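If you read the sequences in order, they're chains L and B.
Numbers 803 to 1066, taken from the working numbering, label the letters of the first sequence in order.
Numbers -14 to 460, taken from the working numbering, label the letters of the second sequence in order.
Note that the Cβ used here is the ideal one computed from N, Cα and C, for glycine as well.
Just so we're clear, the structure is a prediction, and the values are computed from it rather than from any experiment.
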Amino acid sequence: MPQAPFPTKAASQPHVGLFVTCLADVYRPGVGFASLKLLKQAGCRVSVPDAQTCCGQPAWNSGDRPTTQAIAKATIAAFETFDYVVLPSGSCGGMLRDYPAVLDGDAHWQGRATALAEKTWELTSFLADVMRFEGISARLDGAVAYHDSCTGLRRLKIKAQPRALLAQVKGLTVRDLPNPEECCGFGGTFCVKYGDISNQMVSDKVADILATGADTLLAGDVGCLLNMAGKLKKIGSPVKVRHVAEVLADMADQPAIGEAEGPR
Amino acid sequence: MQSTTRQFKDNARAALNDATLRQPLQKLKVGFRVRRAQAAEKLPEFETLRDQGRDLKNHVLENLDFYLETFATAVEASGGVVHWARDAAEAREIVLSICRDHNARTVTKGKSMISEEIGLNAYLADHDITPVETDLGEYIIQLRNEPPSHIIAPAIHVQKEMVADAFRATHTHLPADRPLSEPRQLLDEARAVLRDKFLAADVGITGANFLIAETGSTVIVTNEGNGDLTQLLPKVHVVLASLEKIVPTLEDAALLLRLLARSATGQEASSYTSFSTGPRRPGDPDGPEHFHVVLLDNGRSRLLGTEFEEMLRCIRCGACMNHCPVYGAIGGHAYGWVYPGPIGSVLTPALIGIEEAAPLPNASTLCGRCEAVCPMRIPLPKLLRHWREQEFSRHLPPGRTRLGLRVYRWFATRPALWRLATRAAALGLRMMGRKTGFLTRLPFAEDWTRHRVMPVPQGQTFMARYRAETDTPEI
Ligand code: SF4
């Protein structure tokens, strides 16, 4: 498989490999384009390797280590030549950070996995913490509720970063959810394996979202967003659901998740 | 205790439909969570204490045989007797024979999860010995003939009207028309009834939060003082504890006590912390004439040296279940055995077998909140995943899941085919739901669409559009 060209190491213009993540690729290509735009605005050179598929989470969380290892190795090979790997998802970012554990016992691959894990970043934390990017140029009039997805929040310590970036969006107020640390009930295959429990969790979450009175819900993970949008639409709520990158990139004019195209 | 863990899904559904559960579970979330957070906040060294607690327990587990022997020697030096029980059956027999040696008719009991684990109450009752639980919550569930639904608040699922019903049904010597609508009235009645039991008991059985190797002491914490009456009034005191409860010194116990109370209830210290060291000595004002410690293994030593060893650091504070969104949705009984919540989902497979407990490790979103609050820094999500791996390698997941993973692997390791497949999926779904932006029904995804709609993709995949728009060669 052809490799990405060896990066020209310019500290000012790091070469970023964008891992779009499978859910964004299929469900929300707009998130991929928003990520591209933001990374470029922040001064990065961005490549999108074709060899990317999925980060391996469905296998890892199902206890299928051999499959996870196969996918991890392919992902490492596809991305290890970049200065950074950036994903518009805390949960997939967490997965890449888990690769050393996935490849435990294989010294060669574990070394490569560790090197990759160390340069893997979720999008908003990469923009805020690594690039110290403060040049958001976007406008959205209204109030948004921000949901902190679990892996991002607890594993990658992402909480202040999206808020700091959103604070630069003109016209926007960000509201915190009640019970901000509570999982939305997505959990990958959990939401279908244990649909009833997941439903209770997402129902509680939706009640919290509605309690904020915000007109838009934002988060940094397409999986959680599909889950919450799926419930909000099911109960007929007009709350719009978007990935945070869409707003930051000033691309919130496309239909929100679960909304039809056409005049709105 | 017989497990109903295999029926976890049905149990969970029943719990979700049980309207009486919503209020107590909501109370637990706001109560325990807020109080723990405040207690942790108020103690600047709390996070450091957690590290110290973890390191201490790791040290103990590495030298468990040494500390157990030290403990046993110290107990015997203070006039007590130590019994080693390999499994639940042995532990039950030991307790029964102690009771028989003293011609016991009634035993009082302080709260003990080990007693639940070995099914002691039913066993004693079968042998004509009446066990009486003295912790109010335990007493309530004993009357209701059900297992605890929480490790520190066993009757959290019982509303006060249900308590009144249980009291009326049991305390038939009291006037039938007495008022029992206020918590105070319930408490007073339980007190009066239990007071007589304390005085009549021949043997008192308690659990132990810690066993102290250097002194041979056992420690229990309670908020009701019932533990003291249980262990001091009868002439025989039996302590039931599992091996890993051991700590080297009194000072070590103090460290863990600070973590325990704050993590459990948000208290700085529990109302009563009681130390027992051997039987009454000449000149002691009170205390039992005989002191026995039953040390239960029941599969725990098998975990030493495995990836599950870290579970043995647990001090049973309950914080993981208080913060678990799954426990918060279904409560404790749905888990189907003694220990619910994240700790239960890790421990139960180890104690009753992964085949029997197969659903538990999977019933989690791995959100990580349990690990974030566990005072002993037990990586519960990682351990849940280890169990999933064991299940996978033993071919326990259903064929459909395994086939799905094979298909997934086949595509995910073939990027070109993956792109074709994702493109087809995106376009297909798009076509089906273009008008509304979502689908209300979708074949093979009923488990999703029963409760939610399925938002449809935007159209082309990102990868397809990106290649088309940027016209860049594939790299
Ligand atoms: S696993 Fe941790 S949080 Fe859960 S009961 Fe044990 S010590 Fe407490």
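- Residue-level contact by beta carbon holds for G1032 of chain L and chain B, with a gap shorter than 7 Å.
- One thing to note: V441 of chain B has its Cβ within 7 Å of the Cβ of R415 of chain B.
- When beta bridges are read from the DSSP output, E118 of chain B appears opposite B:K94.
- In this structure H380 of chain B is exposed. Its beta-carbon is surrounded by fewer than 16 other beta-carbon atoms within 10 angstroms.
- Taking all protein chains shown into account, H436 of chain B has 16 or more neighbouring C-beta atoms within 10 Å of its C-beta and is therefore buried.
- Chain order gives the chain B residues near M1003 of chain L as P310 and A314, where near means a beta carbon separation below 7 Å.
- Under the three-state reduction of DSSP, R21 of chain B is assigned to helix.
- Going by DSSP, F821 of chain L is part of no beta strand (DSSP E) at all; its letter is neither H nor E.
- Not one heavy atom of the ligand SF4 sits closer than 6 Å to the Cβ of G353 of chain B.
- Straight-line spacing of the CA atoms in P860 of chain L and T991 of chain L works out to 7 Å.
- From the beta-carbon of A410 of chain B, the residues of chain L found nearer than 7 Å are V828.
- Residue burial is scored here from C-beta neighbours: E123 of chain B has at least 16 other C-beta atoms within 10 angstroms and is therefore classed as buried.
- Burial check for D827 of chain L: the Cβ neighbour count within 10 Å reaches 16 or more, so the residue is buried.
- Under the three-state reduction of DSSP, M439 of chain B is assigned to strand.
- In the three-state scheme derived from DSSP, where H, G and I count as helix and E and B as strand, E924 of chain L is classed as strand.
- With a threshold of 7 Å between beta carbons, Q11 of chain B makes no contact with chain L.
- At a beta-carbon threshold of 8 Å, the residues of chain L lying near K420 of chain B are A1062, ordered along the chain.
- With respect to A1009 of chain L, T398 of chain B sits apart: the two C-beta atoms are not nearer than 7 Å.
- In terms of side-chain proximity, the C-beta atom of G192 of chain B is found no nearer than 6 Å to any non-hydrogen atom of the ligand SF4.
- Under the 7 Å criterion on CB atoms, F992 of chain L is classed as interfacial with respect to chain B.
- Here F423 of chain B has V438, M439, P440 and V441 as same chain residues with Cβ atoms under 7 Å from its own Cβ, once five neighbours each way along the sequence are excluded.
- What L1028 of chain L touches in chain B, judged by beta-carbon distance under 7 Å, is P440, going in chain order.
- Ranking L:M1053, L:G954 and L:T883 by CA distance to the CA of E924 of chain L puts L:G954 first.
- Closer than 7 Å to the CB of P831 of chain L there is at least one CB belonging to chain B.
- Contact of C302 of chain B with chain L is not assigned, every C-beta pair being separated by 7 Å or more.
- Contact note: L351 of chain B reaches chain L through N863 and G989, using a C-beta cutoff of 7 Å and chain order.
- Per DSSP, the beta-bridge partners of T258 of chain B are B:V206.
- Sorting B:S330, B:G263, B:N208 and B:G272 by C-alpha distance to the C-alpha of G251 of chain B places B:N208 at the top.
- For the 7 Å CB-CB criterion, R35 of chain B and R362 of chain B form a contact.
- With fewer than 16 other Cβ atoms from the protein chains shown falling within 10 Å of its own Cβ, N130 of chain B counts as exposed.
- Taken through DSSP and simplified to helix, strand or coil, K1007 of chain L comes out as helix.
- Counting only runs that start and end inside the segment 838 to 876 of chain L, the alpha helix (DSSP H) elements of at least 4 residues fall at 859 to 862.
- Inter-segment contact for the segment 1043 to 1053 of chain L and the segment 1014 to 1021 of chain L is present: three or more beta-carbon pairs are separated by less than 8 Å.
- For W322 of chain B, the three-state secondary structure derived from DSSP is coil.
- Against chain L, a Cβ distance below 9 Å from L390 of chain B picks out P860, A861, S864, D866 and T869.
- Chain-ordered, the chain B residues with CB closer than 9 Å to the CB of T855 of chain L read F396, A397, T398, R399, P400, W403, R404 and T407.
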